[in-house]
Structure formats: structure tokens, C-alpha cells
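S.K.:
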Amino acid sequence: MFSSENLKTELNTKFLGREIIYLPETSSTNVIAWEYIQKGCMEGTLLTTDHQLEGRGRRQNKWVSAMEKSLTFSFILYPQTNLDQFGLLPLLTGVSIVKGIQTAAYILTGLKWPNDI
Numbered sequence: 001m002f003s004s005e006n007l008k009t010e011l012n013t014k015f016l017g018r019e020i021i022y023l024p025e026t027s028s029t030n031v032i033a034w035e036y037i038q039k040g041c042m043e044g045t046l047l048t049t050d051h052q053l054e055g056r057g058r059r060q061n062k063w064v065s066a067m068e069k070s071l072t073f074s075f076i077l078y079p080q081t082n083l084d085q086f087g088l089l090p091l092l093t094g095v096s097i098v099k100g101i102q103t104a105a106y107i108l109t110g111l112k113w114p115n116d117i
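Every letter in the sequence shown is one number past the one before it in the UniProt record's numbering, and letter 44, counting from 1, is 44.
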């Protein structure tokens, strides 16, 4: 089971995950992230859940996640860049997470393109 306190203790970051919002169960971390954005939430905030009930993938596809068996999270970002460059972000994110897991936890992971770990 996820522990936001353990993550805060182990996380060595100056930006991503400075603020962590943990929800045991939610409709969609993406939907909740938009609600927090409307409230002016701090950039870099991590929203995570053990069970996402109505997740959405690319092109509005349904995203199914197994309870307590999926990495289900969203980061809140306020990028200051050209929107044309965003196409690479999901791809780079997936590759970076796979490399991070393999380096930090020595767990062989794979990537279902573009960003499903």
C-alpha cells in the first residue's frame, strides 16, 4: 500500500512531488488534477491513488487500473513552453520512469508505447 509519508521521506526533489495528495480511491487522478489546477494548486504537485475507477487514456480511451497494483498518478505542471513541443512529453516521461525504476529498485520493467509502464 502507498505511503505518502514514506515517499516524502525518500524523495529527494526540489520540484516534482513537493506536495503530495493521496486519495485511496478516486474517479480519475487527471480529473482531480484539473480541479486542483482551478484552485491554483502548487506546480509539481503529485496526485496519486490506490484505485482509479474512471481513468482515461489517450484519445479518451478508458484506462483500467488494478487496485493497489498500478502506478496511478498525475503531476500538476504549468509549462512555459511552446505547445508544439508537448508531443514528446508523454514519451519522455515513460522512458524516464522505466529507467528510474530499473536504476533505483533493480526491477526489470517495460514500456508499452507510448507511456504505459
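We put the beta carbon where it would ideally sit given N, CA and C, even for glycine.
Rounded to whole angstroms, how far is the Cβ of Thr93 from the Cβ of Gln102, which I believe are closer than 8 Å?
M.R.: That belief does not hold up - the Cβ atoms of Thr93 and Gln102 are roughly 15 Å apart, past 8 Å.
S.K.: Is DSSP giving Gly55 helix, strand or coil here?
M.R.: In the structure shown, Gly55 sits in a strand (DSSP, three-state: E or B).
S.K.: Helix, strand or coil for Thr26, going by three-state DSSP, please let me know.
M.R.: Thr26 falls in the strand class under three-state DSSP.
S.K.: Using DSSP bridges, identify the partner residues of Leu46.
M.R.: Paired residues: Ile20, Phe75.
S.K.: At the level of alpha carbons, what is the spacing between Thr49 and Tyr36?
M.R.: Cα to Cα, Thr49 sits roughly 15 Å from Tyr36.
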